[in-house]
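In our numbering, the protein residues as written are 157 to 640.
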C-alpha cells in the first residue's frame with residue numbers, strides 16, 4: 157500500500173505542471189513581479205478597475221517584472237488564459253513594515269534565508285567571533301551588504317590561512333571587512349547578499365529602490381535578534397559594501413547605530429559611469445559586465461557559491477534564481493542615456509541619500525582611487541548637518557581605506573558607537589595585521605597600532621576623547637615609511 161501511495165504521488169508530480177498552482181504576482185517598491193508563469197506567456201498588469209497598465213511576456217523561466225508602476229493597491233496580473241492573480245499592492249517608499257514583521261524572523265549561525273517586505277528572500281550568513289556560539293551573546297553586531305560573493309557560508313580567514321585553495325563556498329576578498337576583520341575584532345557579522353546575486357532572490361538592478369530598501373529591512377531584521385547587543389547594529393565594509401551603507405543609512409532604519417563606509421562614490425553616473433561626462437569604458441564597464449554575469453541564474457551561471465549550492469540541492473537558492481533573467485542590461489541603459497536621465501539615475505545617487513543620514517558616520521576616501529574615483533568628495537557637504545561625522549581624506553589607491561592608521565581609527569569608532577565599549581585591539585589582530593594587509597592589498601604595511609583609547613576608564617571618557625578629534629582629516633604623501 158505504501159508503495160502504491162508513493163507511486164501515485166510521483167505520478168501526480170509528473171503530470172500536474174508546477175506552474176498551474178504556483179503562479180504568483182506580488183508588489184515591490186515601484187514594481188510588480190510575476191514568477192511561475194508559463195514561459196513566454198503574455199501577461200497584463202491590471203488596475204483595480206480592470207484597466208491595462210502594462211503588458212509583457214514572461215521569460216523562459218516564467219518570470220516578469222513590471223517597472224515604474226505608481227504605488228497603489230488592488231492590482232492584478234491577467235494571464236493568457238484570462239485567469240487573474242490575487243489582488244496585491246505596489247509599495248511606496250513609506251511602506252516600512254511594522255516591528256512585528258522583523259521580530260518574527262530568526263537568524264541562526266551560518267546561512268539563513270530572510271524575507272523582506274516584498275516577499276523576496278535574501279541570503280544572510282551569520283559569522284561569530286572564533287570559538288563562540290549564539291549562546292555566548294549578546295554580541296555587538298555589524299552588517300555587510302554587497303553584490304559581491306558575501307554570504308557564501310565558509311570562512312575567508314581560514315581559507316587564507318590554509319593557502320587560499322580555491323573553494324566556491326568562500327566569500328570574495330572584496331568582503332574582507334565583514335567576512336574576516338569583523339569577527340577578529342570580536343563583532344558578530346551578518347553578511348547580506350544583494351538581491352539578484354548569489355543565493356538571494358529578485359533581480360539585480362544597481363541601487364534601485366527595492367535594493368535600497370532591502371537595506372532598511374536587513375538592519376531591522378538583524379537588530380531584532382535576541383543575540384544582538386543593545387538591539388542595534390552598525391554597517392561596515394569597503395567599496396561595494398561601503399557604498400551600500402550610504403543608501404541604507406539614507407532610509408533611516410530606526411535600529412541603525414552607526415556606519416563606516418570606506419572607498420565610496422557620490423553618484424553612480426558622474427563618479428564612475430561617466431566621469432567628466434565621458435563613458436568609462438575601462439573599470440566601470442568591466443565591473444558592470446562582471447555584476448551582470450554574477451546575476452545570471454545558477455547553476456548554469458552566476459556566482460560560484462550559488463552554482464555549488466544549487467547543485468548540492470539547496471532548494472531556497474534554486475527557487476531564488478527565478479527572476480534572474482529580468483536583470484536589466486546596464487550597458488544598454490548607459491548607451492541609451494549618454495546624458496543624465498533623472499528617472500534612472502536620481503535614486504541611484506548616493507549623495508541624494510547621504511543628505512538623510514543622521515547616525516554617527518566614519519567615512520574614508522582617496523583622491524587617486526583607481527576604481528571609484530575622486531569625485532566622491534563633492535558629496536561630503538551633504539553630511540554637514542550631522543555633527544557625529546568623521547571624514548578621512550587621503551591620496552592613494554582604493555584599498556588604502558584599510559591602511560594601518562585609518563583602520564585603528566575605524567576600530568575605535570565602531571567600538572564606541574556600535575559596541576558601546578572601550579576600544580582595544582586584540583593582540584592577535586595586532587600580530588597578524590601586516591600579513592592581513594598583504595593579503596588584501598598585495599603590498600607591505602606597518603602593523604596596526606593599538607588604540608590610543610585602550611586604557612580609558614570608561615566608554616564615556618573614551619567617546620569624549622574621540623569626539624575631540626577634528627571632523628575632517630587630510631592625509632597626504634602617506635604610505636612610504638620604513639616598510640617601503
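Backbone N, C-alpha and C fix where the C-beta goes; we use that ideal spot for every residue, glycine too.
If you're wondering where the values come from, they're calculated on a predicted model, not measured in any experiment.
Environment of residue i [buried if 16+ CB atoms lie within 10 Å]
i	result
residue 510	buried
residue 376	buried
residue 583	exposed
residue 612	buried
residue 497	exposed
residue 540	exposed
residue 632	exposed
residue 202	buried
residue 195	exposed
residue 591	exposed
residue 626	exposed
residue 335	buried
residue 565	buried
residue 620	exposed
residue 434	exposed
residue 568	buried
residue 630	exposed
DSSP three-state assignment for residue i, whether helix, strand or coil
i	result
residue 456	coil
residue 118	Outside the displayed range of the chain (157 to 640) lies residue 118, so it cannot be described from this structure.
residue 268	strand
residue 302	strand
residue 347	strand
residue 444	helix
residue 390	strand
residue 509	helix
residue 632	coil
residue 495	coil
residue 280	strand
residue 257	helix
residue 210	strand
residue 680	What the structure shows of the chain is the stretch from 157 to 640, and residue 680 is not part of that stretch, so it cannot be assessed.
residue 427	helix
residue 502	coil
residue 246	strand
residue 522	strand
Nonlocal neighbours in the same chain, by C-beta distance under 7 Å from residue i, ignoring five residues either side
i	result
residue 337	none
residue 247	183, 184, 185, 227, 273 and 274
residue 624	none
residue 534	422
residue 370	272, 278 and 351
residue 409	372, 375 and 376
residue 440	428 and 429
Selection from the options that minimises the alpha carbon distance to residue i
i	options	result
residue 493	269, 340, 294 and 426	426
residue 628	542, 195 and 592	542
residue 554	181, 187, 214 and 418	418
residue 279	214, 350, 222 and 258	350
residue 181	196, 220 and 362	220
residue 270	472, 591 and 537	472
residue 237	520, 200, 324 and 327	200
residue 313	327, 178, 291 and 443	327
residue 379	363, 222 and 260	260
residue 538	381, 519 and 311	519
residue 580	589, 608, 556 and 588	608
residue 127	532, 225, 381 and 394	In this structure the chain extends from 157 to 640, so residue 127 is not present and cannot be described.
residue 546	530, 570 and 529	570
residue 341	522, 420, 397 and 286	286
Same chain, Cβ closer than 6 Å to residue i, neighbours up to 5 away in sequence not counted
i	result
residue 516	414, 544 and 573
residue 282	263, 265 and 346
residue 241	181, 232 and 233
residue 343	296 and 298
residue 197	214 and 236
residue 191	180, 219 and 478
residue 463	454 and 455
residue 401	391, 415 and 417
Any C-beta of chain D under 7 Å from that of residue i
i	result
residue 300	Protein chain content of the structure displayed is limited to a single chain, and chain D is not contained in it.
Own chain, CB closer than 8 Å to residue i, minus 5 neighbours either side, in chain order
i	result
residue 374	270, 272, 278, 280, 299, 301, 346, 348 and 404
residue 230	203, 204, 243 and 245
residue 615	572, 576, 577 and 578
residue 361	352, 367, 483 and 484
Problem - Sufficient close CB pairs (3 or more, under 8 Å) joining the stretch 371-391 to the stretch 298-309 - result: Touching, yes.
Handout entry: Cβ contact (3+ pairs, closer than 8 Å) linking the stretch 447-467 and the stretch 239-256
Key = Judged by Cβ distances under 8 Å, the stretch 447-467 makes no contact with the stretch 239-256, as fewer than three pairs qualify.
Exercise for the section: Flag this pair as touching only if the stretch 442-450 and the stretch 474-490 have three or more C-beta atom pairs under 8 Å; answer yes or no. Expected result: At 8 Å Cβ cutoff, the stretches touch.
Problem - contact_flag[the stretch 404-424, the stretch 463-482] where n(CB pairs < 8 Å) is 3 or more - result: Touching, no.
Practice task
Examine the Cβ distances between the stretch 591-608 and the stretch 548-560 and report whether three or more of them are shorter than 8 Å.
Solution key: Contact holds between the stretch 591-608 and the stretch 548-560, because three or more Cβ pairs, one in each stretch, are under 8 Å apart.
Handout entry: At least three beta-carbon pairs within less than 8 Å, the stretch 569-576 to the stretch 411-423
Key = Verdict: yes, contact present.
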